[in-house]
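To keep things clear, I will list the structure first and then write my remarks on it.
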Amino acid sequence: MAESAEHQFLSECVTDILNRLSQTNLYAYVEAERRKFDFACELLRDWSRPLVGQTLWSHPAGIDKDVRTMLLDANAEICVYVAKDTIQAHRLLSEAMRDFRLSNAPVAPHRLRVFWVPQDFDADDEAQRQLIEHLLMEKVSRDILMNVVFGNLTSEDVRFFVRTSGLPGLHLAMLCYISTAHIPDIRPRDLADRFGVSQGPIRERLLRLFGCGFLSQFGGGATLARATLKGRVFLDLCAELWREYSAGQLGAEMLQVLRLLDMRFAPSAIDHSATSLHLAGPLLTEVPEMVTGRLIATIAAAIERWGVSFDRVEHVIQEDWKPIGELGSMPRQIVDSLRKESERYSL
469 MAESAEHQFL
479 SECVTDILNR
489 LSQTNLYAYV
499 EAERRKFDFA
509 CELLRDWSRP
519 LVGQTLWSHP
529 AGIDKDVRTM
539 LLDANAEICV
549 YVAKDTIQAH
559 RLLSEAMRDF
569 RLSNAPVAPH
579 RLRVFWVPQD
589 FDADDEAQRQ
599 LIEHLLMEKV
609 SRDILMNVVF
619 GNLTSEDVRF
629 FVRTSGLPGL
639 HLAMLCYIST
649 AHIPDIRPRD
659 LADRFGVSQG
669 PIRERLLRLF
679 GCGFLSQFGG
689 GATLARATLK
699 GRVFLDLCAE
709 LWREYSAGQL
719 GAEMLQVLRL
729 LDMRFAPSAI
739 DHSATSLHLA
749 GPLLTEVPEM
759 VTGRLIATIA
769 AAIERWGVSF
779 DRVEHVIQED
789 WKPIGELGSM
799 PRQIVDSLRK
809 ESERYSL
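Residues 469 to 815 in this note's numbering are what the sequence shown lists, from first letter to last.
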C-alpha cells in the first residue's frame, strides 16, 4: 500500500532530527529494515540497533501490529511511534499497551516513545512542514532516554560533573539558575551575588560546567554563560531522579537510563557520598554505585543549601548566540556584515 505524503515526511523528519541531535556520525540510518520498520538506526561503534520506529497516519487499525513489531524487537533500546493525534489512535494505543502489560511478555514497555502529530497536518504545505519539524525537534530533544542513547549525554559527562569537590551542590545550583533565569547573559559576578560566594569558586565551577558541555559561552573566559541542550537534559534527569528517589522507588525507565550511563543504584552509597562531597577521587567517582550516590547527594545539597527546587524545572530556552543580541555593543553595520557573511557560507 502506497505511503501518504504525511507518512513519508514524518518518517524522514524524525530520522533527520536524530541525526542533528547527535551532531556526529555516531549512528547510521538503516534502509534494510524498511520492510519491517519505517525507520531504524544503528550505532556505528558496535553495530547494535538502539532505535526502531513506525509512523501511523492513515490506518489506525494497524496500531496493535505496529506496537507488537517494535516492542518484540529485543535489540532495540528505544521504540519510536510517530502518530496522528486522534481519539481513536489514543484509544487503540492504550488498549494495545494494556494487553501487553496483562500478557507479562518481557517487552519493557517503557522503551516506547510516542510523538503525537496534529491530525490536520498537510505535508503539501511548506509552513506546516516547518511547524511540525520544529514540534518534533522540541519533543525529541527533551527526551532523556533519546539523549542518553544517542550520545548527547554520556557517562563521562556525569562523572566529570560529580568529580567536583568543595561547596557541595553549588555547581548544580548554578546550572539550574542559569537554565531557568530570565536573564539573557549571566556573568560570574551575577552568580556570586546570587549565591553569596566569591567569584573564585564560581569561575571554577563554570569551567567544570563548560567542560561537561552543560554550558556554552560567548567571549573569552567563563563569561556570558547559557545552558546547552545537554545541560537542560541533565537537569531534567536530576529532577526525575530526585522525584523517584524521594518517592522511595526508581522506575524501570530510570533504571535503564542509569544503566546506559554506566551507573547503578545502591541506597547504601548515598549516605557515604553525602559525607564525602567535599572530596574527589577515583573510588568516589568511578564506581557505578558511587556515581549515582554522589549525584543524588549533590541534588540534595543543592536543594538544602542553595534553595534549588526540582519540583518543576522551567527552562528558559534561548537560541544559540544571536549576533545582534550577543554583539549588541558593536555598530549595527558590523553586525549586518557578519550576518551576511555567515549566510553566504551556509548556502
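For every residue, glycine included, the Cβ atom is placed at its ideal position computed from N, Cα and C.
In the structure shown, P586 adopts extended strand secondary structure according to DSSP, grouped into three states.
Under the three-state reduction of DSSP output, I651 falls in the coil class, being neither helix nor strand.
In this structure E510 is buried. Its beta-carbon is surrounded by 16 or more other beta-carbon atoms within 10 angstroms. For K504, the three-state secondary structure derived from DSSP is coil. Unbroken alpha helix (DSSP H) runs of no fewer than 4 residues, entirely contained in the segment 611-694, are found at 612-617, 623-630, 638-648, 656-663, 667-680, following chain order. Judged by DSSP in its simplified three-state form, V755 adopts coil rather than helix or strand. Annotated three-state conformation of A737 is helix, per DSSP. Exposed is the label assigned to H527, since fewer than 16 other Cβ atoms lie within 10 Å of its Cβ. Of the other Cβ atoms in all chains shown, fewer than 16 fall within 10 Å of the Cβ of T743; this residue is therefore exposed. Put simply, the segment 563-581 does not touch the segment 656-668. Fewer than three CB pairs are less than 8 Å apart.
The segment 557-567 and the segment 594-604 do not touch, with fewer than 3 CB-CB distances between them shorter than 8 Å.
Counting C-beta pairs closer than 8 Å gives fewer than three between the segment 632-639 and the segment 709-724, which falls short of the contact rule. Residue burial is scored here from C-beta neighbours: A473 has fewer than 16 other C-beta atoms within 10 angstroms and is therefore classed as exposed.
Excluding its 5 nearest sequence neighbours in each direction, L478 has C-beta neighbours in its own chain below 6 Å: T523, V550, listed in chain order.
By the neighbour-count definition (other C-beta atoms within 10 Å, threshold 16), Q556 is an exposed residue.
Of the candidates P750, S623, H475, I738, the residue whose Cα lies closest to the Cα of D592 is H475.
H639 is a Cβ neighbour of R676, given a cutoff of 8 Å.
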